[in-house]
Amino acid sequence: MAKSFEELEKKIGYTFQDKSLLQTALTHSSYANEHRKTESSYERLEFLGDSVLGFVVADYLYKNCPHLPEGELTKHRAALVCERSLHEFSRRIGVGDYLRLSHGEMHSGGRTRPSILADVFESITAAIYVDGGLEEARKFILTYIIPSVQSFDEKSFKDYKTMLQEIVQQNPEEHLEYVLVGERGPDHNKHFVMEVHLNSNVIGRGGGRSKKEAEQQAAREALELMGY
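Listed below in structure tokens is the structure:
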């Protein structure tokens with residue numbers, strides 16, 4: 585079993601100081617129930633891992649997708665941490681081969697059950713967090729999250745500026761321009777306000793922590809006013 589844990593550590597890119605944390609993270613309740621006096625299941629770690637995972641994903645999306653409004657950020661976080669996504673992450677690692685299951689759970693397909701594999705991704709996340717801290721947990725999570733974000737269908741990340749430009753270009757005589765109309769706050773926490781003008785007429789206004797984000801929000805408002 586120790587060798588198996590070492591193999592798994594190589595796969596996840598983290599070596600545990602406290603090996604018992606990894607063992608617990610891989611222990612299903614059915615196995616723990618058969619060994620009540622000596623074993624604990626991954627359920628408590630799963631609870632913690634859910635929160636760590638949610639925070640790291642939200643933090644990454646907020647910092648790396650400045651064009652997305654709150655509603656879109658929420659949708660993307662939900663998609664990245666749903667059972668389907670976490671199951672796929674665990675499947676890539678091969679977590680099923682290392683699970684500690686009861687005989688009954690093992691013979692009923694527990695090693696490949698999506699709900700179990702999704703739970704174990706969360707419990708491993710928590711085990712790394714408890715053993716090595718947030719940055720180690722972040723490294724583990726982002727190994728899987730970043731490629732998933734990059735592979736999202738482009739339509740899911742709405743580029744409002746491009747959408748607006750494509751609509752306006754249908755009439756060659758029309759001209760779009762983004763104008764900075766407001767700026768406040770210290771350098772480390774700026775807030776910008778941009779207007780989008782169509783032939784010098786204001787058709788949208790938006791704010792954000794960067795000019796690009798403010799432009800996206802201005803374009804979004806313009807699209808909404810135009811019925812898109």
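Quick note: the sequence shown, position 60, residue 644 per our numbering, numbers continuous.
In this text, a Cβ means the ideal position worked out from N, Cα and C, and glycines have one as well.
The model shown is predicted, which means the values in this text are computed figures rather than measured ones.
Its chain contains Phe705 and Tyr728 as the residues whose beta carbon lies nearer than 6 Å to that of Phe673, once the 5 sequence neighbours on both sides are disregarded; these appear in chain order. The DSSP-derived three-state label of Tyr762 is strand. Per DSSP, Leu637 is one residue of the alpha helix (DSSP H) stretching across Glu627 to Asn648.
The stretch 638-655 makes no contact with the stretch 609-628; the number of CB pairs closer than 8 Å stays below 3.
In the three-state scheme derived from DSSP, where H, G and I count as helix and E and B as strand, Met778 is classed as strand. Within the stretch 669-726, the runs of alpha helix (DSSP H) at least 4 residues long that lie entirely inside it are, in chain order, 687-691 and 698-716. Burial state of Ser699 is exposed, judged by a 10 Å Cβ sphere holding fewer than 16 other Cβ atoms. Inclusion of Thr709 and Ile725 in the CB contact set at 8 Å is warranted, their separation being smaller than that value.
Excluding its 5 nearest sequence neighbours in each direction, Arg768 has C-beta neighbours in its own chain below 8 Å: Lys774 and His775, listed in chain order. For Val752, the enclosing alpha helix (DSSP H) has its first and last residue at Tyr744 to Val752. Between His612 and Gly717 a beta carbon distance of about 26 Å is seen, past the 8 Å cut, so the two are scored as non-contacting.
Using a C-beta cut-off of 8 Å, the stretch 598-610 makes contact with the stretch 677-691, since at least three inter-stretch Cβ pairs fall below that distance. Of Gly633, Lys745 and Arg661, the smallest CA-CA separation from Glu797 is found for Lys745.
Remark: C-beta atoms of Leu664 and Ser588 do not approach each other more closely than 8 Å. Leu809 is not a Cβ neighbour of Gly791, given a cutoff of 8 Å.
Of the other Cβ atoms in all chains shown, fewer than 16 fall within 10 Å of the Cβ of Tyr812; this residue is therefore exposed. Contact check for Gly680 against Ser614 fails: the beta carbons are separated by 8 Å or more. Here Glu720 has Tyr598 and Ile712 as same chain residues with Cβ atoms under 7 Å from its own Cβ, once five neighbours each way along the sequence are excluded.
With 16 or more neighbouring CB atoms inside 10 Å of its own CB, Arg804 falls in the buried class.
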